[in-house]
Amino acid sequence: MAAQTTSLDAVIIGAGISGMYMLHRLRGLGLKARVYEAGSDIGGTWFWNRYPGARVDIESQEYSYSFSEELEREWKWSERYAAQPEILRYLNHVADRFDLRPDIQFNTRIASAHFDETKGRWALATDDGETLDAKFCIAATGCLSVPNEPNFKGQETFKGATYHTGRWPHEGVDLTGKRVAVIGTGSSAIQSIPQIAKQAAQVYVFQRTPNYSVPAHNGPISPIVAEAWLANRDENRQLQRMSSAGFLFSNHREELATQVGDNERRQVFEERWAQGGFSVQAAFADLAVDPVANGMAADFAASKIREIVKDPAVADRLTPKDYPFGTKRLCVDTGYYEVFNQPNVELIDLREAPLDTITATGVKTAEGDYAVDVIVFAIGFDAMTGALSRIDIQGRGGAALTDAWSEGPKSYLGLMVAGFPNLFTVTGPGSPSVLSNMIVSIEQHVDWLADLMGFMTLNGLATIEPTADSQNAWVDHVNEAANHTLYPVANSWYLGANVPGKPRVFMPYIGGVGAYRTLCDAVAANGYMGFKLRPAA
869 MAAQTTSLDA
879 VIIGAGISGM
889 YMLHRLRGLG
899 LKARVYEAGS
909 DIGGTWFWNR
919 YPGARVDIES
929 QEYSYSFSEE
939 LEREWKWSER
949 YAAQPEILRY
959 LNHVADRFDL
969 RPDIQFNTRI
979 ASAHFDETKG
989 RWALATDDGE
999 TLDAKFCIAA
1009 TGCLSVPNEP
1019 NFKGQETFKG
1029 ATYHTGRWPH
1039 EGVDLTGKRV
1049 AVIGTGSSAI
1059 QSIPQIAKQA
1069 AQVYVFQRTP
1079 NYSVPAHNGP
1089 ISPIVAEAWL
1099 ANRDENRQLQ
1109 RMSSAGFLFS
1119 NHREELATQV
1129 GDNERRQVFE
1139 ERWAQGGFSV
1149 QAAFADLAVD
1159 PVANGMAADF
1169 AASKIREIVK
1179 DPAVADRLTP
1189 KDYPFGTKRL
1199 CVDTGYYEVF
1209 NQPNVELIDL
1219 REAPLDTITA
1229 TGVKTAEGDY
1239 AVDVIVFAIG
1249 FDAMTGALSR
1259 IDIQGRGGAA
1269 LTDAWSEGPK
1279 SYLGLMVAGF
1289 PNLFTVTGPG
1299 SPSVLSNMIV
1309 SIEQHVDWLA
1319 DLMGFMTLNG
1329 LATIEPTADS
1339 QNAWVDHVNE
1349 AANHTLYPVA
1359 NSWYLGANVP
1369 GKPRVFMPYI
1379 GGVGAYRTLC
1389 DAVAANGYMG
1399 FKLRPAA
């Protein structure tokens, strides 16, 4: 006898920050929704990423839900930039406070989602064979949720332990006295290397491309700062929502770096460096668009690296030279450059001596063998499209989403894809997503989508999908916005450049969080302009 199909108003894929809030909003609309989560608990990226030093790169009180003032007033952050365990405790508090767990099914992956044109509904199946039927399918799968798999010659022969920063053991790893190779120097490596070096006897850092990093100046959160935030909560939250990147220091100064004197420019950069975090990137209005201005920021960052790193040759290797400042995601660190002054840390530049093979006992480059006990792969993620591409998603006429995106992801507003009715992508490609404070963008997406689903329910509408013309126009706009900046110059994961064979397309929308919100609101106010809405039969 065939198993009974579970019928729902909405299936939500993923129990991270977006999936949890989506569930909360849909419950408020009276819709029957259920979340399916591959992990054993809530948290999304903060459930999976437990590598040493993992912490947020947006200030804690800004990287938090804003939908409930009571929640915001009752939770007290301990650090300026919260570490992974504290963020996960916060998310668990949210799940418990709003009683979300009864409608979340853990240890379950959605394997397939096929649109049934006859019924106008989604037929889904889990990896253990459960079948589902839903009007709406919401992909809250995260932008950085699928680790980029290591594919190095000889890696299967290595006799020691290997770890991926994106799948760090939940019980932790004791590296005391170990010889450790870290392959990669992106954000997770920059956060983890200083912590690994506190335990390990020797750390070899294998760098292919150096990254720019700025200091967090992390520490206990000041009670004065916390009280001031709450005293001006409504104003602060509105400033976030209408800012460039979703946090208070993301709006650029109006001055141009090229139009102020050398002393003033240096003073501004120094003040921003002392402040810490992403504020350096917003020091002047022209850093992301003018190569000359950007070069001034790059020169300043290089001078800071030379100040910190005692060995000039090492400082030179750590300094990016072939892409503009900030066009790969700027990293925020605690003691990253300083760690290279420690005698137990050695930098190996893979551009000077390419990695040849991983052997039974370590890592071999063109210039030497490095015997290690542990290899840490800090090689990033299949960003923005990775999670969706691993689900068998088929829209009208059995068209596969992977085929529709074979030349790069296409969407309207980063929210929906033509030919895939009632399939919603929270912070999908074509939205500000990874170029913003993710929680601000998540709340905006979820609120917009919840309002849409409420509108459809109230008006007896069966399906919604973008027109091909509106999708094409949006893709053109996303590309045009990116091409007005220096971002596409960098060979970054924003373009999928870290995944072999992935189409090179600039995926996030760079027009700004506030501008994007205004566009989305205008689309809704004009009867969901650019979408096809079909009434129920």
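Going by our numbering, the sequence shown opens with residue 869, and the numbers climb by one from there.
Backbone N, C-alpha and C fix where the C-beta goes; we use that ideal spot for every residue, glycine too.
All values derive from a computational prediction rather than experimental measurement.
Could you check the C-alpha separation between A1099 and A1318 for me, to the nearest Å? 29 Å
Return the chain-ordered list of same chain residues with a C-beta closer than 7 Å to the C-beta of N1086, the five sequence neighbours on each side being excluded. E947, R948, Y949 and T1202
So, helix, strand or coil for C1011, using DSSP? coil
When the Cα atoms are used, what is the spatial distance from F1115 to G1380? 11 Å
Is L1155 near A1169, with beta carbons less than 9 Å apart? no
For K1400, which beta-bridge partners are listed by DSSP? E1333
Check whether the Cβ atoms of I825 and T1009 lie closer than 9 Å to each other. Residue 825 is absent from the structure shown; the chain starts at 869 and stops at 1405.
So, with DSSP's three-state summary, where would you put L1317? helix
By Cβ distance, which residues of its chain are closer than 8 Å to V1048, with the 5 residues on each side in sequence left out? I1064, A1068, Q1070, V1071, Y1072, V1240, D1241, V1242, I1243 and V1244
Just list the residues that DSSP pairs T1233 with in beta bridges. L1223
Suppose contacts are defined by Cβ-Cβ distances below 9 Å. Is Q1414 in contact with F983 by that definition? Summary: the structure shown does not reach residue 1414, with the chain confined to residues 869 through 1405, and so no result is reported for it.
Taking T976 as the reference, give the member of L1000, F1117 and W1141 with the closest Cα. L1000
Just to confirm, are S934 and R1133 a CB contact at a threshold of 9 Å? no
May I have a chain-ordered list of the beta strand (DSSP E) segments no shorter than 3 residues that lie completely inside the segment 1048 to 1084? 1070 to 1075 and 1081 to 1083
Going by beta-carbon coordinates alone, are G1236 and F1026 separated by less than 9 Å? no
What's the gap between the Cα of Y958 and the Cα of A1221? 44 Å
For H1032, the first and last residue of its enclosing beta strand (DSSP E): A1029 to H1032
CA-to-CA distance, M1110 to R1385, given in whole angstroms: 8 Å
Assuming contact is defined by CB atoms lying nearer than 9 Å, are S1013 and G882 in contact in what I supplied? yes
Any idea if I1092 is buried or exposed, counting beta-carbon neighbours within 10 angstroms, 16 or more meaning buried? exposed
Could you tell me whether the Cβ atoms of E940 and S932 are closer together than 9 Å? yes
What would DSSP say about M869, mapped onto helix, strand or coil? Reliability fails at M869, whose pLDDT of 38 lies under 50, so the model's placement of it is uncertain and no value is given.
Among K1278, V1082 and Y1362, which one has its Cα closest to the Cα of C1011? Y1362
Residue closest to F1288, alpha-carbon to alpha-carbon, out of T1335, T1295 and T1325: T1335
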